[in-house]
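In this note's numbering, the protein residues as written are 492 to 627. Just below is one structure, and these are the notes that go with it.
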Amino acid sequence: MSTTLSAQHQPLLAKAQQAQKNAHAPYSHFKVGAALIDNTTQTHSGCNVENAAYPLGQCAEATAIGMMVVNGGNLIREILIASPNDDFCPPCGGCRQKIAEFADKNTLVHMVTQQGEIKTVLFSELLPFAFGFDKD
Ligand code: THU
């Protein structure tokens, strides 16, 4: 979709990068930050939280989603993922399913590299034909 970082992305990017600084990534040394805007217009951020028992590590997106739920949000309008290097950091498969739980057809995913390159896609492009139940 879009490829230009603009002023509208700055608040989310700043929150994601702040969280990224606190990432607990002593095993991969790959610090990721995420920030999202929910249906209550609140912003929530997260970082990856690794564990010595490697499979127990949590991605940045999952942390941000948990923060949203704690604070009463239940729909992701936009989520931004800040990469620690010059490649985009698209959400992993597990995170795509976690985002799907709180996404609608308009949910946007912004991926931003360390040097500020941005790629924006509709979430539905990342996980078409997603598994889920109707929520109402
Ligand atoms: N990671 C994230 O936090 N988000 C992603 O979208 C991809 C990967 C984390 C998991 C692990 O702590 C580290 O990055 C290396 O895979």
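The beta carbon of each residue, even a glycine, is placed where N, CA and C say it ideally should be.
Rounded to whole angstroms, residue 525 and residue 518 show a C-alpha spacing of 19 Å. Relative to the Cα of residue 531, the nearest Cα in the group 521, 538, 600 and 567 belongs to 567. Rounded to the nearest whole angstrom, the CA to CA distance from residue 596 to residue 543 is 37 Å. When the Cα atoms are used, residue 564 and residue 520 turn out to be separated by approximately 31 Å. In this structure, the CA atom of residue 573 is about 20 Å from the CA atom of residue 593.
Burial check for residue 582: the Cβ neighbour count within 10 Å reaches 16 or more, so the residue is buried. In the structure shown, residue 592 falls within a coil segment according to DSSP collapsed to helix, strand and coil. The three-state secondary structure of residue 566, taken from DSSP, is coil. Within the DSSP bridge table, the entry for residue 602 names 572 and 610 as partners. C-alpha of residue 562 to C-alpha of residue 554: approximately 13 Å in a straight line. In the structure shown, residue 497 adopts coil according to DSSP, grouped into three states.
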